[in-house]
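Colleague:
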Amino acid sequence: MPTDVVMPQMGESITEGTITKWLKKPGDTIQRDEPLFEISTDKVDAEIPSPVAGVLSEIKVAEGSTVTINTVVAVIGGAAGKSSAPAAATPKTSAPVAPASAAVAAPAATVSEGERIRSSPLVRKIAKDNNVDLSQVPGSGASGRITKTDIVSHLEQGPKPVAAPAATSASAPAAAKPAAPQPQPGELVPMSKMRSIIAKRMVESKQTSPHVHTVFKVDMTRIVRLREKEKSKYEQRNGVKLTYMPFITRAAIVALRKHPIVNGSIEGEAIRYNKNINIGIAVALDWGLIVPVIKATEEKNFLGIARAIVDVADRARGKKLAPDEISGGTFTLTNSGIFGEQFGTPIINQPQSAILGIGGLNKEAEVLTDKDGNDSIAIRSIQRFTLGFDHRIVDGADAGKFMSDFKAYLENWSEDIG
1 MPTDVVMPQM
11 GESITEGTIT
21 KWLKKPGDTI
31 QRDEPLFEIS
41 TDKVDAEIPS
51 PVAGVLSEIK
61 VAEGSTVTIN
71 TVVAVIGGAA
81 GKSSAPAAAT
91 PKTSAPVAPA
101 SAAVAAPAAT
111 VSEGERIRSS
121 PLVRKIAKDN
131 NVDLSQVPGS
141 GASGRITKTD
151 IVSHLEQGPK
161 PVAAPAATSA
171 SAPAAAKPAA
181 PQPQPGELVP
191 MSKMRSIIAK
201 RMVESKQTSP
211 HVHTVFKVDM
221 TRIVRLREKE
231 KSKYEQRNGV
241 KLTYMPFITR
251 AAIVALRKHP
261 IVNGSIEGEA
271 IRYNKNINIG
281 IAVALDWGLI
291 VPVIKATEEK
301 NFLGIARAIV
311 DVADRARGKK
321 LAPDEISGGT
331 FTLTNSGIFG
341 EQFGTPIINQ
351 PQSAILGIGG
361 LNKEAEVLTD
371 KDGNDSIAIR
381 SIQRFTLGFD
391 HRIVDGADAG
401 KFMSDFKAYL
411 ENWSEDIG
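Have a look at this one:
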């Protein structure tokens with residue numbers, strides 16, 4: 001029986017996607033899970049695999065077209081060789097487009113090479129930004145496909161292209177970071193698609209959940225000293241930098257296991273006590289914000305958490321997250337303290353019931369009391385954490401108990417960091 005191939009859901013905040021390249025043509029045989037087409041959204045560039053094995057009988061949506069999720073874009077099975085929206089219908093190559101459109105425009109610019117050079121939109125953009133001829137990059141993927149790892153390895157280890165005297169060398173750094181141009185005073189600039197989606201989701205969250213925030217001050221001195229002592233050896237031993245985020249994440253996981261209501265969510269008139277602790281890590285991008293999710297964190301040790309945080313953050317900035325890596329979160333961490341703020345009042349990432357805001361880490365004078373009741377003043381490393389919670393499901397007592405356990409775990413850290 002014919003099987004419809006649909007535009008997939010690429011995350012909780014994504015409602016549409018652009019087909020940037022078809023990897024098969026009508027009449028081609030395809031295996032289950034073999035890449036069928038490439039998609040680009042404001043957050044993710046990804047290869048979409050075939051849901052079944054068979055023959056691609058019809059392409060319904062042309063390259064370069066943007067459609068909503070669950071739209072039928074192709075049919076596998078049935079009469080072979082039909083295409084109501086052939087790949088040849090892609091927009092003609094014309095003048096260079098703005099960086100924001102580069103991922104869509106790249107396939108059109110390389111149609112003539114498509115049969116011999118197989119790569120994703122991100123790979124083509126990296127190649128363009130760095131003046132690399134993709135025909136000189138060996139591909140390690142299926143059918144010689146050039147992956148992100150291949151192009152990055154080529155740039156790091158292979159021969160670098162010879163730059164033109166002033167223009168090329170000056171333009172390369174700017175191209176490597178395609179940030180949106182700075183607006184000018186008095187200018188009216190339309191919202192990007194990603195900014196529009198963020199705005200909509202934030203309003204929806206505030207309208208859905210009665211937000212309450214509680215702020216706890218945590219003495220991080222013990223962890224600061226541990227990190228300073230171990231960070232060099234840790235990176236040499238494990239190949240990942242020792243930051244404060246895995247400490248904070250582990251403390252949150254421990255507290256969530258003790259207080260599952262904070263890891264829950266509302267479904268209609270019922271409460272879902274989520275089986276796994278899936279931690280979302282908010283990542284600030286030049287073009288917006290994204291929250292990749294680390295799944296089943298309760299099964300990971302400290303080193304596993306540290307590596308996962310670095311991995312998802314790097315791939316978020318490179319728009320290389322898989323669709324299921326930006327959905328399914330049960331609790332979110334957002335670290336705005338890196339910009340110097342004491343604490344914030346973050347908005348809950350729906351349909352979760354809570355979000356933890358991480359404030360700045362500063363040295364402060366604190367009153368300490370010894371076992372005999374004597375007070376003294378000492379300089380301590382202090383950090384403020386804000387729990388934003390949905391008061392429909394989490395009461396103040398629940399939030400207070402959660403934060404007390406979170407605070408105690410950090411202040412009395414004893415876990416092996418690996």
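For the sequence shown, position 180 matches number 180 in our numbering, and the numbering has no gaps at all.
C-beta: ideal position from N, C-alpha, C; glycine also.
1) Have a look at 198, 309, 295 and flag the residue whose alpha-carbon is nearest the alpha-carbon of residue 324.
2) Could you check the C-alpha separation between residue 47 and residue 278 for me, to the nearest Å?
3) In three-state DSSP terms, what is residue 204?
4) Below 9 angstroms between beta carbons: does that hold for residue 353 and residue 263?
5) For the region 281–294 against the region 308–326, do three or more pairs of beta-carbon atoms, one drawn from each stretch, fall closer than 8 angstroms, so that the two count as touching?
6) State the beta-bridge partners of residue 49 as determined by DSSP.
7) Rounded to the nearest angstrom, what separates residue 195 and residue 418 at their Cα positions?
8) For residue 339, count neighbouring Cβ atoms within 10 angstroms of its own Cβ and tell me buried if that reaches 16, exposed if not.
9) Do you know offhand how far residue 319's Cα is from residue 75's?
10) Tell me the DSSP secondary structure of residue 199 in three-state form.
11) Go ahead and label residue 301 buried or exposed: buried means 16 or more other beta carbons lie within 10 angstroms of its beta carbon, across all protein chains shown.
12) Between residue 334 and residue 305, is the Cβ-Cβ spacing less than 9 angstroms?
13) Using 8 angstroms as the Cβ pair cut-off and three pairs as the minimum, do the region 388–396 and the region 203–217 touch?
14) State the beta-bridge partners of residue 407 as determined by DSSP.
15) Is it true that the CB of residue 411 sits closer than 9 angstroms to the CB of residue 222?
16) Looking only at DSSP bridge pairs, what is residue 22 linked to?
17) Taking the continuous alpha helix (DSSP H) assigned at residue 311, which residues delimit it?
18) When the distance is taken between beta carbons, is residue 52 closer than 9 angstroms to residue 6?
19) Going by DSSP, what residues sit across from residue 264 in a beta bridge?
20) If you follow the beta strand (DSSP E) that residue 381 is part of, which residue opens it and which one closes it?
21) Please say whether residue 39 and residue 197 have beta carbons closer to each other than 9 angstroms?
22) Please classify residue 372: does DSSP put it in a helix, a strand, or coil?
23) Would you call the CB atoms of residue 123 and residue 147 closer than 9 angstroms?
24) Helix, strand or coil for residue 241, going by three-state DSSP, please let me know.
25) With 16 other CB atoms within 10 Å as the buried threshold, where does residue 70 fall?
26) Quick one: Cα of residue 347 to Cα of residue 202, how far?
27) Got a sec, what are the start and stop residues for the beta strand (DSSP E) residue 280 sits in?
28) Go ahead and pull the three-state DSSP assignment for residue 213.
29) Residue 351 to residue 137, Cα distance in whole Å?
30) Would you please state the rounded distance, in angstroms, between the beta carbons of residue 247 and residue 413? I believe it to be under 8 angstroms.
31) Look at the Cβ atom of residue 342, then the Cβ atom of residue 360, and state whether they are nearer than 9 angstroms.
32) Verify whether the separation of the beta carbon atoms of residue 37 and residue 252 is less than 9 angstroms.
33) Rounding to the nearest angstrom, what Cα-Cα distance links residue 20 and residue 272 in this structure?
34) Report the residue from 401, 243, 385 whose alpha carbon sits nearest the alpha carbon of residue 336.
35) Leaving out five residues before and five after residue 227 in sequence, what residues of the same chain have Cβ atoms less than 6 angstroms from its Cβ?
36) Can you tell me the Cα-Cα spacing of residue 87 and residue 267, whole angstroms?
Modeller: Per the coordinate set shown:
1) 295
2) 24 angstroms
3) helix
4) Taking C-beta atoms as the reference points, residue 353 and residue 263 count as a pair closer than 9 angstroms.
5) yes
6) 35
7) Rounded to the nearest angstrom, the two C-alpha atoms are 39 angstroms apart.
8) exposed
9) 28 angstroms
10) helix
11) exposed
12) no
13) yes
14) According to DSSP, which records beta bridges pairwise, residue 407 is partnered with nothing at all.
15) yes
16) 37
17) 302–317
18) Against a cut-off of 9 angstroms, the Cβ pair of residue 52 and residue 6 comes out as no contact.
19) For residue 264, DSSP assigns no beta-bridge partner whatsoever.
20) 375–390
21) In this structure, residue 39 does not lie closer than 9 angstroms to residue 197 by Cβ.
22) If DSSP states are grouped into helix, strand and coil, residue 372 belongs with coil.
23) yes
24) Three-state DSSP puts residue 241 in coil, outside helix and strand.
25) exposed
26) 7 angstroms
27) 279–281
28) strand
29) 43 angstroms
30) 7 angstroms
31) yes
32) no
33) 38 angstroms
34) 385
35) Same-chain partners within the cutoff: 242.
36) Because residue 87 sits at a pLDDT of 39, beneath the cut-off of 50, its placement in the model cannot be relied upon, and the point is left open.
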